[in-house]
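Chemist: Counting from 1477, one number per residue, gives the positions in the sequence shown under our numbering. All C-beta atoms in this analysis are idealised placements derived from N, C-alpha and C, irrespective of residue type, glycine included.
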Amino acid sequence: MSALAHANGVTRLPIHHSEPHSMSVQASFDSPPTSDSIDHGVTEAPYERRFSPYDFNGGTTLAISGPDFAVVAGDTRMSTGYEILSRNVSKLHPLTEHCVLASAGCKTDVDQLRSVLDIRSDMYRHNHQKDLAVTSVAQMLGNTLYQRRFFPYYSFNVLAGVDKEGKGAVYSYDAIGSFERTHFSASGSGQSFVVPLLDNVIVHKNRNDPKRELGSDEVVEIVKDAFVTAGERDIYTGDTLEIMVITKDGINKTTFPLKAD
1477 MSALAHANGV TRLPIHHSEP HSMSVQASFD SPPTSDSIDH GVTEAPYERR FSPYDFNGGT
1537 TLAISGPDFA VVAGDTRMST GYEILSRNVS KLHPLTEHCV LASAGCKTDV DQLRSVLDIR
1597 SDMYRHNHQK DLAVTSVAQM LGNTLYQRRF FPYYSFNVLA GVDKEGKGAV YSYDAIGSFE
1657 RTHFSASGSG QSFVVPLLDN VIVHKNRNDP KRELGSDEVV EIVKDAFVTA GERDIYTGDT
1717 LEIMVITKDG INKTTFPLKA D
């Protein structure tokens, strides 16, 4: 072994380099570190860097079923953290003439999920010369989400449509494809503000007055009130509300302005 360097009573190995012998590498063992030798902003010790493939882009969606219709709605704000990225991004995506998918979560995952569902819907349409029924779309969405259960789509989905019998249908999903048919469903950042209101007004929980059947126009007004309520407390919900009313005759789309701050 070559000669050892001694400094401050500590034995150290010499510094080897590939430069010519005329060039020397200066090594100081007892001088304090200078400002140029410090990694500014962090310490010189190893530190952890974090990366997440997901981003939560906010927004709220909801759907309500009626006797012969379904109403589905979502705001158009896309955010990350405290920054508004866009004020005009739709969270509603028609899959057939009688079925609409509403999704909140990570925009890139939502787009990828929509692409997969569109491809599978088109394949069925070309093979059978007809659209998928809403019950079949619901099962297809559940299967698609379950196939990605080990690396899930960061997408919170609500499916709405009209079934073969002409009745309104709403399906609620978790992240890996478990779903159920319900009277209404909501997802996204404003879910916790919307659900208690709809429990009271739509499902009629803990009320003694008679429950009456609501028409599509009344449901649309309730949806507007629900989003105005959510927007007052949720900074990720706002700008414009998209509403789609689905009947056996097709989809009718309207918009409603929300707060822009």
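Going by C-alpha to C-alpha distance, which of Glu-1718, Leu-1734, Lys-1735 and Val-1670 sits closest to Ile-1727?
Modeler: Answer by Cα proximity: Glu-1718.
Chemist: Can the beta-carbon of Val-1646 be found closer than 9 Å to that of Thr-1723?
Modeler: In this structure, Thr-1723 does not lie closer than 9 Å to Val-1646 by Cβ.
Chemist: For Ser-1566, tell me which candidate among Gly-1557, Tyr-1558 and Val-1586 has the shortest Cα-Cα distance.
Modeler: Closest by alpha carbon: Val-1586.
Chemist: With distances taken from CA atoms, which of Ser-1555, Ile-1540, Asp-1598 and Leu-1617 is nearest Thr-1584?
Modeler: Selected option, being the one with the closest Cα: Ser-1555.
Chemist: Any beta carbon from chain C within less than 9 Å of His-1659's own beta carbon?
Modeler: Given the protein chain composition of this structure (a single chain), no chain C is represented.
Chemist: Once DSSP output is grouped into helix, strand and coil, what is the label at Asn-1633?
Modeler: Here Asn-1633 sits in strand by DSSP.
Chemist: Roughly how many angstroms separate the alpha carbons of Ile-1540 and Asn-1603, rounded to a whole number?
Modeler: Rounded to the nearest angstrom, the two C-alpha atoms are 32 Å apart.
Chemist: Would the segment 1691-1698 and the segment 1522-1538 be scored as touching if the rule is three or more Cβ pairs under 8 Å?
Modeler: The segment 1691-1698 is not in contact with the segment 1522-1538.
Chemist: Of the residues Thr-1536, Gly-1550 and Tyr-1558, which one's Cα is nearest the Cα of Pro-1570?
Modeler: Residue Gly-1550 is the option with its Cα nearest to Pro-1570.
Chemist: Quick one: what's Asp-1551 bridged to in DSSP?
Modeler: According to DSSP, Asp-1551 bridges with Leu-1717.
Chemist: Answer yes or no: do Val-1721 and Phe-1545 have a C-beta to C-beta separation smaller than 9 Å?
Modeler: Result yes, Cβ atoms of Val-1721 and Phe-1545 sit closer than 9 Å.
Chemist: Cβ of Gly-1653 within 9 Å of Cβ of Leu-1608?
Modeler: No; because the gap between Cβ atoms is not below 9 Å, this pair is not in contact.
Chemist: Would you tell me roughly how many angstroms separate the C-alpha atoms of Lys-1729 and Leu-1568, rounded to the nearest one?
Modeler: Distance between the alpha carbons of Lys-1729 and Leu-1568 is about 10 Å.
Chemist: Grouping DSSP H, G and I as helix and E and B as strand, with all else coil, what is Ala-1736?
Modeler: DSSP places Ala-1736 in coil when its eight states are reduced to three.
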